[in-house]
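Engineer: Protein chains in written order, with the working numbering: chain A, -17 to 65; chain B, -17 to 65; chain C, 7 to 169; chain D, 7 to 169. Using N, Cα and C, we set each Cβ at its ideal position, and we do this for glycine too.
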Amino acid sequence: MTLQVLYFAWLRERIGLPREEIETRAQTVAELVAELRTREPRYDAAFADMAAVRVALDQELAGMDAPLAGVREVAFFPPMTGG
Amino acid sequence: MTLQVLYFAWLRERIGLPREEIETRAQTVAELVAELRTREPRYDAAFADMAAVRVALDQELAGMDAPLAGVREVAFFPPMTGG
Amino acid sequence: MSVRVQREAFDYGRECAGFERAAAASGAGAVVTFCGIVRDLPGGGLRHMEIEHYPGMTERALGAIEAEARQRWALDAALIVHRYGSLAPGETIMMVATAAPHRADAFDAAAFLMDYLKSRAPFWKKETGPEGAAWVAARTEDEAALERWSDAAARRGDGPGGA
Amino acid sequence: MSVRVQREAFDYGRECAGFERAAAASGAGAVVTFCGIVRDLPGGGLRHMEIEHYPGMTERALGAIEAEARQRWALDAALIVHRYGSLAPGETIMMVATAAPHRADAFDAAAFLMDYLKSRAPFWKKETGPEGAAWVAARTEDEAALERWSDAAARRGDGPGGA
């Protein structure tokens, strides 16, 4: 499965890029995060505190245990601060 | 005691004038109202339903049992509808 | 902090612009404005609305309501403008504006100003339509709206929010 | 009903004016507007605030929040404008506006839009000051503010008020 993975705010800064294409067999967001953390220290650092990370699947907010089947775009970001 | 007595909205219309000077010995608003009602039918009609009448003494909202000592201006009007 | 009672029409957009610029200059982070507009009668045909007021008491009452709002909330600025005289359907009757560091204070203070102004400021409205003229009756909801500021006010003021 | 996400500055006063005129034409009796302004740092010296967003999701999220507000309250109109990019202290970040027959709906809907927009629309703020740049942390108050719309919302919506 090929995913477009996006990073925003300090997640983007820590990982060092705004988006990338990722080939994965992860079944859930949590599995994808675990896989990313094994890649390089910058990913491990970015996802060290998951209480401070939010995720959207195809531009809808989701939980960390949400399944990735059929998803094309995954975005990770800190809690939002609009307004 | 000489009072300036003001009427607003439908009280003004029923009584037929916006203000008048009244010489009275009434001790309270309620006594003043009772006195006015004995004057003429238009006063009696205007004050027939006291649940629909509000009073201000020297431009501050007051109760019907408020004393008139020291008061110069008494205003009668229906519930307010600002905004 | 400002209260105006006037016969003349005013420009709501221009008032909002001026209020926001002054609020920004004083360090506010949140501005709330409200305006009331003359609505047509349910069946249509409103010719005009006449707003009577009590000169002298009106300014005192609005000033006291505004002072109370400033005491309850941390406001950078507040404004009340209210018209009297004859207004056509669609005309702006009045407005309030509040500015505060955070949004909860600005929202609560504006709602408070409106609730008090509705039932405690000496204005009376008379509508003239196809069936003649009639005084607008006070709404029991408006009187009830005041109650939420009695003891719940402190809780809400300290409650959630922030601009 | 309108949502705009833009880099360019907008004129709050002019938006208020246009919104109110359209609301009056559609028979609204009450208009509430809110705007957020870039505040300086507590110690001063804010150089600029950078607002990052998630193009595509931002519009969807704001559209969904506005649709939810329209479902909960009897609104004649609603508007959300939100900027992104670099803003100076005192600049207007965003605004919401609501119009309804009565004031309680306009006030509640505007507060609801703000509460949801704060914590559910994908914007992130970064402040650059004398000590460098730092991401603005989410406020626990803002998350808590959402709760009041869960079951209390129905009560408040049917509660006191009326323009």
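Alpha carbon to alpha carbon, how far is A:T63 from D:A15?
Structural biologist: 19 Å
Engineer: Note down, in chain order, every chain C residue with its Cβ under 7 Å from the Cβ of B:A(-9).
Structural biologist: E58, W130, W141
Engineer: Anything in chain B within Cβ reach of C:A73, meaning under 7 Å, just list it in chain order.
Structural biologist: None at all; the shortest Cβ gap to chain B is about 14 Å.
Engineer: State the Cα-Cα distance for the pair C:D111 and D:A151, rounded to the nearest angstrom.
Structural biologist: 13 Å
Engineer: Can you list the residues of chain A that D:A144 reaches, using a CB-CB cut of under 8 Å?
Structural biologist: Result: P60, P61, M62, T63.
Engineer: For a contact meaning CB atoms closer than 8 Å, what does B:A30 contact in chain C?
Structural biologist: What B:A30 touches in chain C: nothing, since even the nearest Cβ is about 16 Å away.
Engineer: For the alpha helix (DSSP H) containing C:R10, name the first residue and the last one.
Structural biologist: Segment 8 to 12 is the beta strand (DSSP E) holding C:R10; no alpha helix (DSSP H) there.
Engineer: With a cut-off of 9 Å, does the C-beta of C:G167 fall near any C-beta of chain B?
Structural biologist: With a pLDDT of 38 at C:G167, under the threshold of 50, the predicted position of this residue should be treated as unreliable, and no value is reported.
Engineer: Taking CB distances under 9 Å as the criterion, tell me whether B:L(-12) reaches chain C.
Structural biologist: Answer yes: the Cβ-Cβ gap between B:L(-12) and chain C drops below 9 Å somewhere.
Engineer: Return the residues of the region 100 to 129 of chain D that lie within a Cβ-Cβ distance of less than 8 Å from chain A, sorted by chain order.
Structural biologist: M100, M120, L123, K124, S125, R126, A127, P128, F129
Engineer: Under 9 Å, do D:S32 and D:D82 count as touching if we go by C-beta distance?
Structural biologist: yes
Engineer: With three or more beta-carbon pairs closer than 8 Å as the criterion, would you say the region 40 to 52 of chain D touches the region 82 to 102 of chain D?
Structural biologist: yes
Engineer: How many whole angstroms separate the CB atoms of C:A116 and C:V38, which I take to be in contact at a CB cut-off of 8 Å?
Structural biologist: 4 Å
Engineer: Quick one: what does DSSP say A:M62 is sitting in, helix, strand or coil?
Structural biologist: coil
Engineer: Which bits of chain D does A:Q9 rub up against, with CB to CB less than 7 Å?
Structural biologist: Correct list: empty, because the minimum Cβ distance to chain D is about 23 Å.
Engineer: Can you pull the DSSP bridge partners for D:F16?
Structural biologist: Beta-bridge pairing by DSSP links D:F16 to no other residue.
Engineer: Span of the beta strand (DSSP E) holding A:V15?
Structural biologist: No beta strand (DSSP E) contains A:V15, which is instead part of the alpha helix (DSSP H) from 11 to 21.
Engineer: Can you have a look at D:E153 and say buried or exposed, based on whether 16 or more other CB atoms are within 10 angstroms of its CB?
Structural biologist: Its Cβ having fewer than 16 others within 10 Å, D:E153 is exposed.
Engineer: Any heavy atom of the ligand ATP inside 8 Å of the beta-carbon of C:L93?
Structural biologist: With respect to small molecules bound, the structure shown includes none, and the ligand ATP cannot be examined in it.
Engineer: For B:A(-9), tell me which candidate among C:E56, C:L68, C:C22, C:T104 has the shortest Cα-Cα distance.
Structural biologist: By alpha-carbon distance to B:A(-9), the top candidate from C:E56, C:L68, C:C22, C:T104 is C:E56.
Engineer: Within the same chain, show all residues whose beta-carbon is closer than 7 Å to that of D:G168, passing over the 5 residues directly before and after it, in chain order.
Structural biologist: Note that D:G168 scores a pLDDT of 39, beneath 50, so its modelled location is shaky; the value from the coordinates is reported in the next line. Result list for D:G168: H108, R109, A110, in chain order.
Engineer: From A:F53 to A:L(-15), what does the alpha carbon distance come to, in whole angstroms?
Structural biologist: Note that residue 53 of chain A is Val in the sequence shown here, rather than Phe. Near 7 Å, if we compare the C-alpha coordinates of A:L(-15) and A:V53.
Engineer: Within 10 angstroms of its Cβ, does D:S125 collect 16 or more other Cβ (buried), or is it exposed?
Structural biologist: buried
Engineer: Just the C-alpha distance for C:E58 and D:K131, rounded to the nearest angstrom, thanks.
Structural biologist: C:E58 and D:K131: Cα-Cα distance of roughly 49 Å.
Engineer: At a Cβ threshold of 9 Å, is D:A67 touching chain A?
Structural biologist: True, the Cβ-Cβ gap to chain A drops below 9 Å.
Engineer: Where DSSP assigns a beta bridge to A:Y(-11), which residues make up the other side?
Structural biologist: A:F58
Engineer: Is C:L81 helix, strand or coil when you go by DSSP?
Structural biologist: DSSP places C:L81 in coil when its eight states are reduced to three.
Engineer: Using only the alpha-carbon positions, how far apart do D:R76 and D:A106 sit?
Structural biologist: Straight through space, the alpha carbons of D:A106 and D:R76 are spaced by roughly 10 Å.
Engineer: Residues of the region 74 to 88 of chain D in Cβ contact with chain C at a cutoff of 8 Å, in chain order, please.
Structural biologist: none
Engineer: Select from the region 36 to 53 of chain C all residues with a C-beta closer than 9 Å to any C-beta belonging to chain D, and list them in chain order.
Structural biologist: A36, V37, V38, T39, F40, C41, G42, I43, V44, R45, D46
Engineer: I believe B:R36 touches B:P61 by the beta-carbon criterion, under 8 Å. Please report the beta-carbon distance rounded to the nearest angstrom.
Structural biologist: 6 Å
Engineer: In the DSSP assignment, find the unbroken alpha helix (DSSP H) run with D:R4 in it and report its ends.
Structural biologist: Nothing can be reported for residue 4 of chain D, as the shown portion of chain D is limited to 7 through 169.
Engineer: Would you please verify whether the beta carbon of C:T64 is less than 9 Å from any beta carbon of chain D?
Structural biologist: no
Engineer: How many angstroms separate the CA atom of A:P67 from the CA atom of A:V11?
Structural biologist: Residue 67 of chain A cannot be examined here, being either before or after the span of chain A that is shown, -17 to 65.
Engineer: DSSP on B:R(-6), reduced to helix/strand/coil?
Structural biologist: helix
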